[in-house]
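J.: Numbering (the working numbering), first residue to last: 71 to 217.
This structure is in structure tokens; I'll ask about it shortly.
Take a look at the structure:
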């Protein structure tokens with residue numbers, strides 16, 4: 071569980087998750103052979119970079135939290151599956167990617183509930199929707215490949 075004491079803490083956490091996603095997709099891209107999936111993953115990398123830039127812009131502008139105390143986000147159950155390793159199989163990478171996307175959806179939905187600024191709330195909700203779309207694409211690829 072992470073304890074957030076400021077908006078900067080929240081945004082730094084979210085930015086770090088985007089960086090992790092970029093690294094994961096870059097690793098996945100090196101292992102994928104299907105041209106259509108390679109294209110989709112390149113698109114995900116681009117979108118994650120855009121997410122990171124949006125969050126950095128929000129951080130630079132300064133946002134105000136709601137008056138109530140900011141609680142903890144319990145996301146540990148969403149990131150099971152371990153770290154990305156160089157020896158992971160394609161199946162393992164897809165599972166890890168699906169779980170990370172699910173965790174990102176939860177993260178951005180929870181962050182949207184924490185902020186007072188409507189523009190930042192909308193940004194978090196948009197990011198949650200985009201992450202849900204990524205998760206679905208990975209789930210479809212997993213289903214088509216392994217079932």
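Glycine included, each C-beta is placed from N, C-alpha and C at the ideal position.
Residue 186 to residue 192, Cα distance in whole Å?
T.: Approximately 11 Å between the Cα atoms of the pair.
J.: Considering only their Cβ atoms, is the gap separating residue 172 from residue 205 smaller than 8 Å?
T.: Yes, these two residues count as a Cβ contact at 8 Å.
J.: Enumerate in chain order the residues of its own chain whose CB-to-CB distance from residue 209 is below 7 Å, with the five nearest sequence positions on each side excluded.
T.: Around residue 209: 168.
J.: Between which residues of its own chain and residue 128 is the CB-CB distance below 7 Å, once the five residues before and five after are set aside?
T.: Contacts found: 81, 190, 193.
J.: If I measure Cβ to Cβ from residue 201 and keep anything under 7 Å in the same chain, skipping five residues before and after, which residues do I get?
T.: Excluding residues within five positions, the ones whose Cβ falls inside 7 Å are 171, 174, 175, 178.
J.: Where residue 215 and residue 131 are concerned, what is the direct C-alpha to C-alpha distance, given to the nearest angstrom?
T.: Their Cα atoms are separated by approximately 44 Å.
J.: Could you tell me the alpha carbon to alpha carbon distance between residue 94 and residue 78, rounded to whole angstroms?
T.: Distance between the alpha carbons of residue 94 and residue 78: 24 Å.
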